[in-house]
Amino acid sequence: MSFPEVPRLSLDGLDELLEHYQIRCVLLYNRNPELQEKFNSSNTPDFYRFADTEGVLYFRELQETAIPFPASKEMLTVSGETDLRVFLDVGHQCYDAIRKHIPEEKDLRILDFGVGCARTMRHFYRTFQNYDLYGCDVDEAAIGYIQNSVPFIKATATGNNPPLPYESDYFDFIYSISVLTHLNARALDEWIQELARITRPEGRVVPTVHGSTAFDEVLNNTKRRAVLGIKEDEFEAGLTSFRETGFCWMSQAAGSENIDTDQYGICFIDDENLEQLFGPTFKVLSHTKGEIEGWQDVVVLQKV
-3 MSFPEVPRLS LDGLDELLEH YQIRCVLLYN RNPELQEKFN SSNTPDFYRF
47 ADTEGVLYFR ELQETAIPFP ASKEMLTVSG ETDLRVFLDV GHQCYDAIRK
97 HIPEEKDLRI LDFGVGCART MRHFYRTFQN YDLYGCDVDE AAIGYIQNSV
147 PFIKATATGN NPPLPYESDY FDFIYSISVL THLNARALDE WIQELARITR
197 PEGRVVPTVH GSTAFDEVLN NTKRRAVLGI KEDEFEAGLT SFRETGFCWM
247 SQAAGSENID TDQYGICFID DENLEQLFGP TFKVLSHTKG EIEGWQDVVV
297 LQKV
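Just so we're aligned, residue -3 is where the sequence shown starts under my numbering, counting upward by one.
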């Protein structure tokens, strides 16, 4: 059985498409008293968030000029479900958590390491002209979707091991949502060094990690462990490792056939171990516990 293809977009004409999207958002606001009552203006971050996460689901005129949604298979790989409400809401939550750490400069080179099907980077649509945006991932199908339908991202399929196909000191800003959270100790160390290689001096890297907040959740919630696919015997060994070393890794099913399951699973890092993990290459500027869905921590690093 054949399924409808995801609509394709070209970088040529994308500026005009974005302009139409923004105009339609304003027209939607102007004709809708409920939106006017809820939002002070059509030119506020709260209204933008509504339009990009809820409005685009319900109003056809926004769908016609928005970034197309990925195929259900790619959504499953990223988040384990196909609910567009969750996909857009969590993606924007990640975007909000990341963008406040981006320096206020134009034309910065920004990389989404582990871009998947652009759940987070799709929300740069409104401001894509201000940046030079890149994404990489091992999931070849997800990268194909981005290349066809999210053309403001320079997307590249990469391998499970370093190096990445970028020059040293290339990026001003790198972020990574739910990637370092899955790697074993060897792979984690190798990828931290690779991210350091491609980040310019004093550039920032903002990854998410599973810290003590997440570990306490799985420690006290057997249902959570079951949902994550953590085997109880592995968890007992992981618990011992976490208490003794501040780190543990357990195997977990992968959503993409391109992922190396020998190094992919789920890992947890004690909060006190972050400086040791990322140093001496990076300085830890900040650490916010549970910023993504009350589960993943956001760590802001600066290359030294």
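From the three backbone atoms N, C-alpha and C, an ideal C-beta is built for every residue, glycine too. Nothing here was measured: the structure is a model prediction, and the numbers come from that model.
Inset, instruction - Identify whether Y130 lies in helix, strand or coil by the three-state DSSP scheme. - result: Numbered from 1 along the sequence shown, position 134 holds the residue referred to as residue 130. In this structure, DSSP gives Y130 an extended state, which the three-state scheme calls strand.
Legend entry - Counted within 10 angstroms of its Cβ, other Cβ atoms place I288 as buried (16 or more) or exposed: Position 292 of the sequence shown, counted from the first residue, corresponds to residue 288. With 16 or more Cβ atoms within 10 Å of its Cβ, I288 is classed as buried.
Legend entry - D185 - containing alpha helix (DSSP H), residue span: Within the sequence shown, residue 185 is the residue found at index 189, counting from 1. Segment 181 to 194, the alpha helix (DSSP H) holding D185.
Legend entry - Beta-carbon proximity check, K299 vs G234, cutoff 8 angstroms: One-based indexing of the sequence shown puts residue 299 at position 303. One-based indexing of the sequence shown puts residue 234 at position 238. For K299 and G234, no; Cβs fall outside 8 angstroms.
Legend entry - Three-state class that DSSP yields for Q248 in the structure shown: Looking up residue 248 in the sequence shown gives position 252. In this structure, DSSP gives Q248 a state outside helix and strand, which the three-state scheme calls coil.
Inset, instruction - Quick one: grab the DSSP three-state call for E213. - result: Your numbering for residue 213 matches position 217 in the sequence shown. It is helical.
Legend entry - Opening and closing residue of the alpha helix (DSSP H) in which A151 lies: Working through the sequence shown from its first residue, we reach residue 151 at position 155. Unbroken run through A151 is the beta strand (DSSP E), 149 to 153; no alpha helix (DSSP H).
Inset, instruction - Report buried or exposed for S145, applying the criterion of at least 16 other Cβ atoms within 10 angstroms of its Cβ. - result: Sequence index remark: in the sequence shown, residue 145 carries index 149 (1-based). By the beta-carbon neighbour count (other beta carbons within 10 angstroms, threshold 16), S145 is buried.
Inset, instruction - Return yes when the Cβ of L58 is within less than 8 angstroms of the Cβ of R95, no when it is not. - result: Residue mapping note: residue 95 aligns to position 99 of the sequence shown, counting from 1. Residue mapping note: residue 58 aligns to position 62 of the sequence shown, counting from 1. Against a cut-off of 8 angstroms, the Cβ pair of L58 and R95 comes out as no contact.
Inset, instruction - Please state if the CB of I262 and the CB of L224 are separated by a distance shorter than 8 angstroms. - result: By 1-based counting over the sequence shown, the position of residue 224 is 228. By 1-based counting over the sequence shown, the position of residue 262 is 266. In this structure, I262 lies closer than 8 angstroms to L224 by Cβ.
Legend entry - Close-in-space but distant-in-sequence residues of the same chain around P147 (CB under 8 angstroms, 5 per side omitted): Stepping through the sequence shown from its first residue, residue 147 is reached at position 151. Residues L5, S6, L7, L10 of the same chain have their beta carbon placed closer than 8 angstroms to that of P147, with the five preceding and five following residues left out of the count.
Inset, instruction - Excluding the 5 residues preceding and the 5 following P66 in the sequence, name in chain order all residues of the same chain whose CB lies nearer than 6 angstroms to its CB. - result: Working through the sequence shown from its first residue, we reach residue 66 at position 70. In its chain, beyond the 5 residues on either side, C113, Y141 have a beta carbon closer than 6 angstroms to the beta carbon of P66.
Inset, instruction - On a CA-only basis, which of I63, N126, K102 is nearest R118? Give me that one, please. - result: On the sequence shown, residue 118 is found 122 positions in, with the first residue counted as 1. If you compare the alpha carbons of I63, N126, K102 with that of R118, the shortest gap goes to I63.
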